[in-house]
Amino acid sequence: MTPPPPLPEDTAADAGEDAAGNVPGNAPGNAAESAFEAIGLTRSYRLDGVSVDALRGVSLRIGRGEFVAIVGPSGSGKSTLMHLLGCLDRPTNGVLRVGGVDVSTLDDIRLAELRNQTIGFVFQSFHLLARTPALDNVALPLVYRGVARAERRARARAALEAVGLGHRLDHRPSQMSGGEQQRVAIARALVGDPQVVLADEPTGNLDTRNGADVMALLERLNADNGVAVVLVTHEPEVAGRARRQIHVRDGRIELDTGVVAGGGRAGGSGEDG
Amino acid sequence: MRTAEALRMAVEALRVNRLRSGLTMFGVIIGVLSVVILVAIGTGAKDAVEREIAGLGSNIILVVPGQVTLGAAPTQSRLDLSDVAYVRRVVGDPSRVTVAVNSGEPVRVGRNEVFATLTGTDENVPGVFDRPLRRGRYLSETDVDTRRRVAVLGSEVAAKLFGDVDPIGRQVTVAGVRFRVVGLYETVGATFGVARDQEVHIPVTTAQRLIGMNRINAVAVSASGPDEIEPLRRRVLAALAERYPGERFSAVTQTQLLGTVGTVLGMLTGVLAAIAAISLLVGGVGVSNIMLVGVRERTKEIGLRKALGARGRDVLVQFLIEAVLLTTIGGLAGIVLGVGGALLIQAVSPVPAAITWWSIVLAFGVSAGVGVFFGVAPARRAARLDPVVALRTE
Ligand SMILES: Nc1ncnc2c1ncn2[C@@H]1O[C@H](COP(=O)(O)OP(=O)(O)O)[C@@H](O)[C@H]1O
Ligand SMILES: [Mg+2]
Numbered sequence: 001m002t003p004p005p006p007l008p009e010d011t012a013a014d015a016g017e018d019a020a021g022n023v024p025g026n027a028p029g030n031a032a033e034s035a036f037e038a039i040g041l042t043r044s045y046r047l048d049g050v051s052v053d054a055l056r057g058v059s060l061r062i063g064r065g066e067f068v069a070i071v072g073p074s075g076s077g078k079s080t081l082m083h084l085l086g087c088l089d090r091p092t093n094g095v096l097r098v099g100g101v102d103v104s105t106l107d108d109i110r111l112a113e114l115r116n117q118t119i120g121f122v123f124q125s126f127h128l129l130a131r132t133p134a135l136d137n138v139a140l141p142l143v144y145r146g147v148a149r150a151e152r153r154a155r156a157r158a159a160l161e162a163v164g165l166g167h168r169l170d171h172r173p174s175q176m177s178g179g180e181q182q183r184v185a186i187a188r189a190l191v192g193d194p195q196v197v198l199a200d201e202p203t204g205n206l207d208t209r210n211g212a213d214v215m216a217l218l219e220r221l222n223a224d225n226g227v228a229v230v231l232v233t234h235e236p237e238v239a240g241r242a243r244r245q246i247h248v249r250d251g252r253i254e255l256d257t258g259v260v261a262g263g264g265r266a267g268g269s270g271e272d273g
Numbered sequence: 001m002r003t004a005e006a007l008r009m010a011v012e013a014l015r016v017n018r019l020r021s022g023l024t025m026f027g028v029i030i031g032v033l034s035v036v037i038l039v040a041i042g043t044g045a046k047d048a049v050e051r052e053i054a055g056l057g058s059n060i061i062l063v064v065p066g067q068v069t070l071g072a073a074p075t076q077s078r079l080d081l082s083d084v085a086y087v088r089r090v091v092g093d094p095s096r097v098t099v100a101v102n103s104g105e106p107v108r109v110g111r112n113e114v115f116a117t118l119t120g121t122d123e124n125v126p127g128v129f130d131r132p133l134r135r136g137r138y139l140s141e142t143d144v145d146t147r148r149r150v151a152v153l154g155s156e157v158a159a160k161l162f163g164d165v166d167p168i169g170r171q172v173t174v175a176g177v178r179f180r181v182v183g184l185y186e187t188v189g190a191t192f193g194v195a196r197d198q199e200v201h202i203p204v205t206t207a208q209r210l211i212g213m214n215r216i217n218a219v220a221v222s223a224s225g226p227d228e229i230e231p232l233r234r235r236v237l238a239a240l241a242e243r244y245p246g247e248r249f250s251a252v253t254q255t256q257l258l259g260t261v262g263t264v265l266g267m268l269t270g271v272l273a274a275i276a277a278i279s280l281l282v283g284g285v286g287v288s289n290i291m292l293v294g295v296r297e298r299t300k301e302i303g304l305r306k307a308l309g310a311r312g313r314d315v316l317v318q319f320l321i322e323a324v325l326l327t328t329i330g331g332l333a334g335i336v337l338g339v340g341g342a343l344l345i346q347a348v349s350p351v352p353a354a355i356t357w358w359s360i361v362l363a364f365g366v367s368a369g370v371g372v373f374f375g376v377a378p379a380r381r382a383a384r385l386d387p388v389v390a391l392r393t394e
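Set out below in structure tokens:
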């Protein structure tokens, strides 16, 4: 495989707060500089009258341009946390600020806008539209941003070239390998110049080599574009590539290497017992 | 999201599921097709009957004793020839008034026998009815005055009795009495099941003698113009009421007949359209059903779109447009097929069919409406899907 061309320059100048130059890996110093700030997040599901507590009080702060791995056993609440951070879901209790904005003050429409503007998603099972060409799959977030077709296609093409798929623009996901599909998904996550990419087990369905390619892409995205990456995984070697690991168990944060290193950088630690 | 974008997405979704989209449209196509064809047939029937009535002759008023009600037995007539003379004086122009005495009688030539409508009438038939001659002459005043045994034949009677032979001057036997044929009418067709080509006209005086009665069945009056119909009708009725106090007479005009028949056939057309509309409704239910299946099937897609920034409204619009597109494309296909079908029916069968603009516009409007109506429930379900639940669905 030929090495992919460099990622496009981050052109996000539409949101003023974005202009603050982030040095990848350097933790920002104040709350307004955080990509995420969570205080005492809980999420309970009600199933036939029985309450399931998926998250039992999670507090954390993730700065702009950080690269974080969330690890933990199956059922520990990793996906639930990702969905909350991605504004796909609302916490039962607690405060969540995304880019400094308390999401509880946003209605569903503003929340959809927030997702569209600032967050890119990568899923374990890719979640591409199977019968839609790669280019249109990648351009989809821009459709909901009201970007004109010609510009959408140009930006989607650039994003696909950035993940090394410039030769696969018109291929449908069904005609692609798993590794290629996940790279299409990454192109879709970065086409809108997000501040954060949330990746839930992005290598879970891939073999080692393709998994490594995907990780390399995410790392480059983080290093070159200053996009914060929050990655869920249960593979230690994948987690080891992140500068910071957050260990989750039974809906609580068991260990946060960022907190230990920074000496109380987060608003409150989820550690207990 | 722009509407053009939503439209593009909807077209794409329908294209991807071509077979299913086609089958779903099928219900709508059948519904619209039946609306267009049935309304065309109903309208065609109405047009045909109205043409027939107009073909009777223009501006005719038919005066009969008693009250005309559908299905009632005819009232015993108390009108006779002196009343016809009286009506003539009231009308002023004798040539605008003629008379009818009717009886079904066998008519025979040699061994050929047909059952015909024997009508006793007078020399004023051409002044009142639109009844052109093919050969010979009409009945004359002298025929009536001298009670001659002469006859003018309807074209079908003549064809059955004489075939291709010219009947003028030949003999026919009516109810055992011999008549000489003096005239032959042009073919005029049937009106209300009255086969006018099966009539045999003889002088009214001769008919009264033959049948054995001195009453008459009806007086027919022709107004000089459409505006004169109603005043003349009132004048004749008033004059008869004055002559026979306490008796009832009816004067039916062509306009009234047209109105009544038009109403009845209009109702018929409405009923046909309603039946067809039900099939359109069933088509709509099919659309709703398939859309619901589609929403369930595409749960993951909907969740993904929401994750990428689609608002509930975007999803709603997308699915609504899909539904409306399904029904309007189906509607257009149904209209094309319906118009084609109506033209075919018109061409190859005796059933008349007339395509009306309103049925086409209505069918299209209703199919679009069906799309909105039956698309709303599935579209709302899609719009309300929780993205997390949708994304977790495998
Ligand atoms: N929609 C839901 N309804 C009920 N329980 C749920 C739902 N989603 C997740 N859970 C429960 O919440 C817990 C955490 O799930 P999840 O966040 O998916 O864990 P992980 O991603 O770490 O495997 C699990 O016990 C799971 O069964
Ligand atoms: Mg999970």
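Residue numbers (the numbering used here), protein chains in the order written: chain C, 1 to 273; chain A, 1 to 394. Idealized CB from N, CA, C, for every residue including glycine.
{"Check": "Residue environment, residue 181 of chain A, which counts as buried when at least 16 other CB atoms sit within 10 Å", "Outcome": "buried"}
{"Check": "Contact under 7 Å by Cβ, residue 319 of chain A with residue 368 of chain A", "Outcome": "no"}
{"Check": "Contact list for residue 20 of chain A against chain C, beta-carbon separation under 9 Å", "Outcome": "Within 9 Å Cβ-Cβ: nothing; residue 20 of chain A doesn't reach chain C, min ~13 Å."}
{"Check": "Minimum length 4: unbroken alpha helix (DSSP H) runs contained in the stretch 106-189 of chain A", "Outcome": "125-128, 141-145 and 155-162"}
{"Check": "Whole-angstrom distance between residue 343 of chain A and residue 164 of chain C, CA atom to CA atom", "Outcome": "60 Å"}
{"Check": "Interface flag, residue 172 of chain C vs chain A, CB-CB below 7 Å", "Outcome": "no"}
{"Check": "C-beta neighbour in chain A for residue 28 of chain C, strict 7 Å", "Outcome": "Any answer about residue 28 of chain C is weak, because its pLDDT of 42 lies below 50 and its placement is not dependable; what the coordinates show is given next. For residue 28 of chain C, the answer is no, since every Cβ of chain A falls outside 7 Å of its Cβ."}
{"Check": "Beta-carbon gap between residue 195 of chain C and residue 35 of chain C smaller than 7 Å", "Outcome": "yes"}
{"Check": "Contact set for residue 19 of chain A: own chain, Cβ-Cβ below 6 Å, skip 5 residues either direction", "Outcome": "none"}
{"Check": "Same chain only: Cβ atoms within 7 Å of residue 198 of chain A, ignoring 5 sequence neighbours per side", "Outcome": "116, 117, 154, 156 and 157"}
{"Check": "Counterpart residues of residue 199 of chain C in DSSP-defined beta bridges", "Outcome": "C:122 and C:231"}
{"Check": "Alpha helix (DSSP H) segment containing residue 204 of chain C, residue limits", "Outcome": "Segment: none, residue 204 of chain C is in no alpha helix (DSSP H) and carries neither H nor E."}
{"Check": "Per DSSP, the bridge partner or partners of residue 102 of chain A", "Outcome": "A:119"}
{"Check": "Neighbour flag for residue 310 of chain A against chain C, beta carbons, 7 Å", "Outcome": "yes"}
{"Check": "Rounded distance between the beta-carbons of residue 388 of chain A and residue 88 of chain C, thought under 8 Å", "Outcome": "5 Å"}
{"Check": "Simplified DSSP assignment, three categories, for residue 224 of chain A", "Outcome": "coil"}
{"Check": "CA-to-CA distance, residue 268 of chain A to residue 311 of chain A, given in whole angstroms", "Outcome": "48 Å"}
{"Check": "CA-to-CA distance, residue 237 of chain A to residue 127 of chain A, given in whole angstroms", "Outcome": "21 Å"}
{"Check": "Where residue 284 of chain A falls, given that 16 or more other Cβ within 10 Å makes a residue buried", "Outcome": "buried"}
{"Check": "Residue burial classification, residue 177 of chain C (beta-carbon count within 10 angstroms, cutoff 16)", "Outcome": "exposed"}
{"Check": "Whole-number beta carbon distance between residue 393 of chain A and residue 327 of chain A, since they are thought to touch under 8 Å", "Outcome": "Incorrect: roughly 28 Å between the Cβ atoms, too far for contact."}
{"Check": "Minimum Cβ-Cβ distance from residue 387 of chain A to chain C less than 7 Å", "Outcome": "yes"}
{"Check": "Proximity of residue 137 of chain C and residue 188 of chain C at Cβ, strictly below 7 Å", "Outcome": "yes"}
{"Check": "Closer than 7 Å to chain C by CB, residue 307 of chain A", "Outcome": "yes"}
{"Check": "Pairwise C-alpha distance: residue 229 of chain A and residue 247 of chain A", "Outcome": "22 Å"}
{"Check": "Same chain, Cβ closer than 6 Å to residue 163 of chain A, five either side skipped, listed in chain order", "Outcome": "none"}
{"Check": "For residue 3 of chain A, the three-state DSSP class (helix, strand or coil)", "Outcome": "helix"}
{"Check": "Entirely enclosed beta strand (DSSP E) segments - the stretch 273-298 of chain A, minimum 3 residues", "Outcome": "none"}
{"Check": "Residue of C:139, C:147, C:141 and C:37 minimising C-alpha distance to residue 104 of chain C", "Outcome": "C:37"}
{"Check": "Any C-beta of chain C under 7 Å from that of residue 16 of chain A", "Outcome": "yes"}
{"Check": "Continuous beta strand (DSSP E) stretch holding residue 244 of chain C: start and end", "Outcome": "244-249"}
{"Check": "Coarse secondary structure for residue 45 of chain C, derived from DSSP in three states", "Outcome": "strand"}
{"Check": "Top-ranked residue by Cα proximity to residue 77 of chain C, from C:45, C:161 and C:102", "Outcome": "C:45"}
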